[in-house]
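Numbering (full-length UniProt numbering), first residue to last: 1 to 571.
This is the structure:
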């Protein structure tokens with residue numbers, strides 16, 4: 001390809017490398033690495049792992065800076081980090097722990113200063129973080145996500161001079177590319193995220209949309225799943241097309257309650273008043289507390305939001321119907337896919353159409369179901385606020401009929417769905433996820449951004465995090481050196497528990513080819529059983545029975561009360 005289109009290849013390499021550089025600055029790279037290294041050293045007492053985590057970053061520092069931002073980092077922290085690196089090298093020779101303790105004194109001092117600087121990140125100027133991108137103009141390269149066979153090519157004209165930083169855990173950036181068509185194309189530039197699985201899920205949704213449009217029972221109902229472009233740039237960064245005019249359910253409920261001076265976490269506060277040690281209660285006691293909280297709050301917030309944000313009754317009826325049908329489609333498709341972690345920040349509502357949009361597909365193939373701590377017992381999200389928003393008929397109407405139509409379509413096309421998922425689970429770039437072990441104690445480290453535009457950390461989730469992490473012992477006590485603490489234990493507990501972090505919730509295990517194949521076969525058998533209708537029992541059930549059983553499981557308070565509080569089952 002380079003022989004035929006050398007300029008195009010050069011431009012693609014330049015844009016990819018510079019976007020990756022912009023997605024994770026040196027400050028953020030070191031912040032994350034020091035946090036992970038401290039967990040290995042003070043928590044797991046894995047010295048080799050700690051040194052291996054920091055070694056690549058020291059090599060990057062030794063290569064020298066290429067941008068003004070990197071040069072400022074080198075000037076501010078280079079000498080100290082070099083001193084810490086030398087102390088680590090001395091430890092390799094002497095195996096004297098005092099050398100490592102001295103190194104961590106330096107690392108922690110650097111970490112504290114970096115943390116303060118990162119907190120002030122709100123806008124990045126391209127001239128400081130990637131002057132090469134700023135100079136790139138009138139490229140032959142197409143704007144990401146705009147290429148369609150046979151359509152006119154929309155090339156990159158130039159990149160906007162500044163990027164807004166969304167103040168969430170991973171600090172994604174809003175990037176604007178000006179295309180040759182004269183339009184602005186907005187993207188979310190994400191670092192510390194592996195988006196390859198999200199890309200595959202979008203491909204599956206494309207297949208499902210094709211099947212929905214060609215099936216006799218669904219073709220006339222406008223049941224297409226709303227998709228967006230996902231462009232992985234590296235294993236830990238990528239681009240997501242910006243979805244305009246959408247709000248997360250979390251944002252909608254927060255704004256609605258704020259306007260009425262209602263506590264956002266009123267249900268959770270009521271639960272804590274009844275049982276301060278909520279997570280330690282037996283399931284039946286949790287159920288009792290959960291039911292009392294539901295009785296104390298009406299749960300009509302989302303229904304009222306839909307009504308208040310509609311121009312008139314006709315518009316409201318259309319949006320309500322779209323909301324119900326789109327929720328039903330994704331409930332069935334998400335169930336087949338084994339999609340989990342459907343908390344309010346992973347569900348978005350289109351302001352104009354009322355359709356539901358799902359984001360964050362890190363938990364597929366029932367990963368959340370098999371978590372050791374707070375496993376998800378429900379097939380999809382169908383909490384009371386969603387049901388109340390369907391108004392008088394509830395689930396008995398458009399929701400149930402759409403679920404049955406979609407499940408019937410999926411059963412009729414099970415070979416196509418299985419072929420797509422088989423390629424999915426055997427993809428060497430992403431099938432390593434099948435052999436990951438859930439690490440619920442790391443659950444407090446979250447994706448944080450939760451959506452393309454959301455950057456909110458709520459009191460409800462803050463208290464949930466405190467409850468969840470409160471049982472963790474002080475890591476210093478493990479090694480008997482109270483003067484040395486892991487960086488992570490000294491951080492303010494500011495990240496929310498709205499989702500389990502893809503970067504830290506899992507611990508990789510040995511990639512055994514045989515175990516990987518067995519796990520892949522198990523996943524495919526499970527998906528096949530869902531498509532055949534024998535997922536609940538050995539005998540095949542009809543579509544109506546299967547949908548009814550799924551709805552009962554999804555609405556069961558017994559199942560909902562066992563979820564972690566950041567999932568907001570009471571909403």
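Each residue gets a CB set at the ideal place from its N, CA and C atoms; glycine is no exception.
How would you label residue 540, buried or exposed, when you count the other beta carbons within 10 angstroms and need 16 or more for buried?
exposed
Look at residue 145 and residue 239 and say whether their C-beta atoms are less than 9 Å apart.
yes
What residue range is occupied by the uninterrupted alpha helix (DSSP H) comprising residue 247?
No alpha helix (DSSP H) contains residue 247, which is instead part of the beta strand (DSSP E) from 246 to 248.
My guess is that residue 527 and residue 336 are in contact by the Cβ rule of under 8 Å, so how many angstroms apart are they, rounded?
6 Å
Indicate the three-state DSSP secondary structure (helix, strand or coil) for residue 372 in the structure shown.
coil
Going straight from the alpha carbon of residue 409 to that of residue 217, what length do you get?
8 Å
Given that a residue counts as buried once 16 or more other Cβ atoms are within 10 Å of its Cβ, and exposed if not, what is residue 286?
buried
Within 9 Å of any Cβ in chain B, is that where the Cβ of residue 154 sits?
The structure shown contains no chain B, having only a single protein chain.
Select from 108, 220, 47, 398 the residue whose C-alpha is nearest the C-alpha of residue 96.
47
On the DSSP letters alone, give me the boundaries of the beta strand (DSSP E) that residue 190 sits inside.
184 to 191
Sequence-distant residues of the same chain with beta carbon closer than 8 Å to residue 559, five excluded per side
377, 378, 553
Exposed or buried, which one is residue 148 when buried takes at least 16 other CB atoms within 10 Å?
exposed
Does residue 393 pass the burial test, meaning 16 or more other C-beta atoms within 10 Å, or should it be called exposed?
exposed
Do you know offhand how far residue 125's Cα is from residue 77's?
21 Å
Rank 223, 152, 203 by C-alpha distance to the C-alpha of residue 405 and give the top, closest one.
223
Between which two residues does the beta strand (DSSP E) containing residue 416 stretch?
Counting along the chain, residue 416 falls outside any beta strand (DSSP E), though it belongs to the alpha helix (DSSP H) covering 414 to 425.
Secondary structure, alpha helix (DSSP H): runs of 4+ residues fully inside the segment 86 to 131
97 to 119, 126 to 129
Taking C-beta to C-beta, are residue 416 and residue 191 nearer than 9 Å?
no
With a threshold of 8 Å on Cβ separation, who are the neighbours of residue 87 within its own chain once the five nearest residues in sequence on each side are excluded?
99, 100, 102, 103, 106
Tell me whether residue 174 sits in a helix, a strand or coil according to DSSP, three-state version.
strand
With the cut-off set at 9 Å, would you say residue 249 and residue 352 are in Cβ contact?
no
Where residue 552 falls: helix, strand or coil (DSSP):
helix
Thinking residue 570 and residue 293 are a contact (beta carbons under 8 Å), I'd like their distance in whole angstroms, please.
5 Å
Of the residues 55, 247, 256, which one's Cα is nearest the Cα of residue 354?
247
Just the C-alpha distance for residue 244 and residue 515, rounded to the nearest angstrom, thanks.
42 Å
Just to check my reading of the structure: residue 155 and residue 164 have Cβ atoms closer than 8 Å, yes? What is that Cβ distance to the nearest angstrom?
The Cβ separation is near 24 Å, so there is no contact.
How about residue 399 and residue 197: are their beta carbons less than 9 Å apart?
no
By the 10 Å Cβ neighbour count, where 16 or more other Cβ atoms means buried, how is residue 36 classified, buried or exposed?
buried
Rounded to the nearest angstrom, what separates residue 272 and residue 289 at their Cα positions?
9 Å
Give the range of the beta strand (DSSP E) segment to which residue 239 is assigned.
237 to 241
Return the bridge partner residues of residue 347 from the DSSP annotation.
358
The segment 162 to 177 / the segment 116 to 133 touching (three or more Cβ pairs under 8 Å)
yes
How far does the beta strand (DSSP E) with residue 9 in it extend, from its first residue to its last?
From DSSP, residue 9 is part of no beta strand (DSSP E) but of the alpha helix (DSSP H) over 6 to 23.
Taking Cβ to Cβ, would you say residue 21 is nearer than 9 Å to residue 66?
yes
From residue 49 to residue 29, what does the alpha carbon distance come to, in whole angstroms?
17 Å
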